[in-house]
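**Q** Each residue of the sequence shown is one higher than the one before, counting from 1 in the numbering used here.
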Amino acid sequence: MSNAARPTRYDVTRAQLGELLHSEPRFRVDQLWKGLYEQLGDPADLTALPKALRARLDAELPVALTTMVERVNDHGDTVKYLFELPGGSRIETVLMLYPDRVTVCVSSQAGCAMGCGFCATGQAGFTRQLSAGEILEQVVRAARKARELNRRLANVVFMGMGEPLANEANVWAAIERINSDIGLGARHITVSTVGLVPGIKRLTEWPMQVNLAVSLHAANDELRDEMLPINRRYPLGVLMDACADYLIAKGRRLSFEWALIDGVNDRDSDARELAALCRSLPLAAHVNLIPLNPTPGYPTRGTPISRVHQFRDRLEQLGVNATVRRNRGTDIDAACGQLAAGQPVQQITLGRRLHQRADHRPDE
Ligand code: SAH
Ligand code: SF4
Numbered sequence: 001m002s003n004a005a006r007p008t009r010y011d012v013t014r015a016q017l018g019e020l021l022h023s024e025p026r027f028r029v030d031q032l033w034k035g036l037y038e039q040l041g042d043p044a045d046l047t048a049l050p051k052a053l054r055a056r057l058d059a060e061l062p063v064a065l066t067t068m069v070e071r072v073n074d075h076g077d078t079v080k081y082l083f084e085l086p087g088g089s090r091i092e093t094v095l096m097l098y099p100d101r102v103t104v105c106v107s108s109q110a111g112c113a114m115g116c117g118f119c120a121t122g123q124a125g126f127t128r129q130l131s132a133g134e135i136l137e138q139v140v141r142a143a144r145k146a147r148e149l150n151r152r153l154a155n156v157v158f159m160g161m162g163e164p165l166a167n168e169a170n171v172w173a174a175i176e177r178i179n180s181d182i183g184l185g186a187r188h189i190t191v192s193t194v195g196l197v198p199g200i201k202r203l204t205e206w207p208m209q210v211n212l213a214v215s216l217h218a219a220n221d222e223l224r225d226e227m228l229p230i231n232r233r234y235p236l237g238v239l240m241d242a243c244a245d246y247l248i249a250k251g252r253r254l255s256f257e258w259a260l261i262d263g264v265n266d267r268d269s270d271a272r273e274l275a276a277l278c279r280s281l282p283l284a285a286h287v288n289l290i291p292l293n294p295t296p297g298y299p300t301r302g303t304p305i306s307r308v309h310q311f312r313d314r315l316e317q318l319g320v321n322a323t324v325r326r327n328r329g330t331d332i333d334a335a336c337g338q339l340a341a342g343q344p345v346q347q348i349t350l351g352r353r354l355h356q357r358a359d360h361r362p363d364e
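1) Are the CB atoms of Leu228 and Val194 within a distance shorter than 8 Å?
2) Please find out if some non-hydrogen atom of the ligand SAH comes closer than 7 Å to the beta-carbon of Ile290.
3) Relative to the alpha-carbon of Ile117, which residue among Arg224, Ser89 and Arg314 has its alpha-carbon at the smallest distance?
4) What's the call for Ile189, buried or exposed, on a 16-neighbour Cβ count within 10 Å?
5) DSSP beta-bridge partners for Phe83?
6) For Thr323, does the count of other Cβ atoms within 10 angstroms reach 16, so buried, or fall short, so exposed?
7) Quick check on Leu260: does DSSP put it in helix, strand or coil?
8) What separation, rounded to the nearest whole angstrom, lies between the Cα atoms of Tyr10 and His286?
9) For Ile200, report the span of its alpha helix (DSSP H) as first-last.
10) CA-CA distance, Val238 and Val197?
11) Going by C-alpha distance, which of Tyr298, Pro235 and Leu212 is nearest Glu222?
12) Report yes if the C-beta of Glu257 is less than 7 Å from at least one heavy atom of the ligand SAH; otherwise report no.
13) Taking only heavy atoms of the ligand SAH into account, decide whether any of them is closer than 7 Å to the Cβ of Thr190.
14) DSSP beta-bridge partners for Cys105?
15) Can you say whether Phe311 is buried or exposed, counting buried as having 16 or more other CB atoms within 10 angstroms of its CB?
16) Give me the pocket residues for the ligand SF4, defined as CB within less than 5 Å of any heavy atom, sorted by chain position.
17) Nearest-angstrom Cα distance between Arg26 and Gly18?
18) Pick helix, strand or coil for Leu53, following the three-state DSSP scheme.
19) Whole angstroms are fine: how far does the CA of Pro294 sit from the CA of Arg302?
20) Name the residue from Lys250, Arg307, Asp245 and Trp258 whose alpha carbon lies nearest to the alpha carbon of Ala219.
21) What does the alpha-carbon distance come out to for the pair Val308 and Arg128?
22) When every heavy atom of the ligand SAH is checked, does at least one fall within less than 7 Å of the C-beta of Asn170?
23) For Met159, verify whether its CB is less than 7 Å away from any heavy atom of the ligand SAH.
24) Spell out the partners DSSP gives Ile189 in its beta bridges.
25) Report the partner residues of Gly183 according to the DSSP bridge assignment.
26) Less than 7 Å separating the Cβ of Ser127 from some heavy atom of the ligand SAH?
27) With 16 other CB atoms within 10 Å as the buried threshold, where does Ile261 fall?
28) How many angstroms separate the CA atom of Ala55 from the CA atom of Thr47?
29) For Ala110, which of helix, strand or coil comes out of DSSP?
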């Protein structure tokens, strides 16, 4: 099945739907559009449409995502999806139900070319870009699930598989459509980047007020070069300049992500260097701390949680706002940002599925 031959359901624009329905009364386009994006339905469910048309649309507007696994964690507040794309590569999407909000973590690429050694996606390498429709479909699926659970999807974070600023055109197109078609404000959308400076600069000039998170993890070039190879191309000085310009232009909050690794970036000197970087910016940045999730290809361990809290307290002492994030979904191999990619992890996921209560919806 080729993606290029036929755009998938959520890649099709309203104008293209008009062409597809050119022999139908005009109001059908509106009905179908509302059915897809307000009702979040499949054409087969849209009973306002004649039956023959529903069948035709189901066939002519195929979905991109085939559900391989849908699994709820033990707390019942995280739903992980493993989806297969046309062509066979796999991505993950995680829906997180907090008491006060519902957030979906979406993938922007199948795999990632940035090569960060501590990241499961980076270890697997790059497979392909996701189209805007494939990104949007993850959001539609999450919004539908949230609705089934009597909740409302409120936030989208690009913290799944892939580097969003290495797939800029499709990510921007998806964000515009998440905004216009799903109705989520740009302020509820967060793009997380490893530090691709040209992309941060374009984001700064983009009129939409999306949030920016930068995966910092190290506050000196020597360590950051080692942990995030992209730092050799865009070292900290250049990255901080881009962050400062973003803050001045947007006046928006900037977050730094920091995955704490035992003995590597959790020392007092790391806290001091990080605080100095934060203080060098024209507006306060917020630091999100998370203990590193163990991955098969990286020997080092995450910092024990008590020391994660100490690191947070030290940052606060140094005048930096920091929050400890829970490792959502670790029990289902699906922490946001450390999503399972590649064969070995899939086997674990699928193998466990046999022993655990898990919904398996083969396809829709
Ligand atoms: N490529 C983008 C977005 C996806 S990764 C980026 O790097 O920002 C989302 C977040 O998960 C990033 O902050 C990333 O550094 C972090 N992450 C990757 N591997 C991790 C791991 N093993 N443990 C904890 N966080 C991890
Ligand atoms: Fe890619 Fe982000 Fe993982 Fe680095 S941390 S390999 S940029 S997904």
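No residue lacks a Cβ here, since even glycine has one placed at the ideal position from N, Cα and C.
**A** Answer, in terms of the structure:
1) In the sequence shown, residue 194 corresponds to position 194, counting from 1. In the sequence shown, residue 228 corresponds to position 228, counting from 1. One thing to note: Val194 has its Cβ within 8 Å of the Cβ of Leu228.
2) Locating residue 290 in the sequence shown gives position 290, where the first residue counts as 1. Checking the Cβ of Ile290 against the ligand SAH gives yes.
3) Indexing the sequence shown from 1 puts residue 117 at position 117. Reading the sequence as shown, one finds Gly at residue 117 and not Ile. A check of alpha carbon separations from Gly117 across Arg224, Ser89 and Arg314 identifies Arg224 as the nearest.
4) Along the sequence shown, one-based indexing puts residue 189 at 189. With 16 or more other Cβ atoms from the protein chains shown falling within 10 Å of its own Cβ, Ile189 counts as buried.
5) Position 83 of the sequence shown holds residue 83. In the DSSP secondary-structure assignment, Phe83 is bridged to Thr67 and Ile91.
6) For the purposes of this step, residue 323 is identified with residue 323 of the sequence shown, where counting begins at 1. Per the 10 Å Cβ criterion, exposed.
7) The residue given as residue 260 occupies position 260 in the sequence shown. Judged by DSSP in its simplified three-state form, Leu260 adopts strand.
8) Against the sequence shown, residue 10 aligns to sequence position 10. Against the sequence shown, residue 286 aligns to sequence position 286. Computed Cα separation, rounded: 34 Å.
9) Within the sequence shown, the letter at position 200 stands for residue 200. Taken as a continuous stretch (DSSP letters only), the alpha helix (DSSP H) holding Ile200 covers Val197 to Glu205.
10) Counting from one through the sequence shown, the residue named residue 238 turns up at place 238. Counting from one through the sequence shown, the residue named residue 197 turns up at place 197. Answer to the nearest angstrom: the Cα atoms are 7 Å apart.
11) Against the sequence shown, residue 222 aligns to sequence position 222. Here the closest residue by C-alpha is Pro235.
12) Within the sequence shown, the letter at position 257 stands for residue 257. Taking the Cβ of Glu257 as the reference point, at least one heavy atom of the ligand SAH falls within a distance shorter than 7 Å.
13) Taking the first residue of the sequence shown as 1, we reach residue 190 at position 190. With a cutoff of 7 Å, Thr190 does not count as near the ligand SAH, since its C-beta is closer than that to no heavy atom of the ligand.
14) Within the sequence shown, the letter at position 105 stands for residue 105. Cys105 is bridged to Val94 and Val157.
15) Counting from 1 along the sequence shown, the entry for residue 311 is found at position 311. It counts as buried.
16) In chain order, the qualifying residues are Cys112, Met114, Cys116, Cys119, Thr121, Gly122, Glu163 and Val194.
17) For this step, residue 26 is matched to residue 26 along the sequence shown. For this step, residue 18 is matched to residue 18 along the sequence shown. Their backbone Cα atoms lie some 8 Å apart in a straight line.
18) Here residue 53 refers to the residue found at position 53 of the sequence shown. Annotated three-state conformation of Leu53 is helix, per DSSP.
19) Looking up residue 302 in the sequence shown gives position 302. Looking up residue 294 in the sequence shown gives position 294. For the record, residue 302 in the displayed sequence is Gly; it is not Arg. Their backbone Cα atoms lie some 7 Å apart in a straight line.
20) Your numbering for residue 219 matches position 219 in the sequence shown. Of the candidates Lys250, Arg307, Asp245 and Trp258, the residue whose Cα lies closest to the Cα of Ala219 is Trp258.
21) Sequence index remark: in the sequence shown, residue 308 carries index 308 (1-based). Sequence index remark: in the sequence shown, residue 128 carries index 128 (1-based). About 35 Å.
22) In the sequence shown, residue 170 corresponds to position 170, counting from 1. Annotation for Asn170 indicates a beta carbon at 7 Å or more from all heavy atoms of the ligand SAH.
23) Within the sequence shown, the letter at position 159 stands for residue 159. Yes - the ligand SAH has a heavy atom lying nearer than 7 Å to the Cβ of Met159.
24) Mapped onto the sequence shown, residue 189 falls at position 189. Within the DSSP secondary-structure output, Ile189 pairs in a beta bridge with Val156.
25) Along the sequence shown, read from residue 1 onward, the residue named residue 183 stands at position 183. According to DSSP, Gly183 bridges with nothing at all.
26) Counting from one through the sequence shown, the residue named residue 127 turns up at place 127. Checking the sequence shown, residue 127 turns out to be Thr, not Ser. Taking 7 Å as the cut-off, the C-beta of Thr127 does not count as close to any heavy atom of the ligand SAH.
27) In the sequence shown, residue 261 corresponds to position 261, counting from 1. Buried, because 16 or more other Cβ atoms sit within 10 Å of the Cβ of Ile261.
28) To locate residue 55, count along the sequence shown from 1; it is residue 55. To locate residue 47, count along the sequence shown from 1; it is residue 47. So the two alpha carbons sit approximately 11 Å from each other.
29) Counted from its first residue, the sequence shown places residue 110 at position 110. DSSP, reduced to helix, strand and coil, places Ala110 within a strand of the structure shown.
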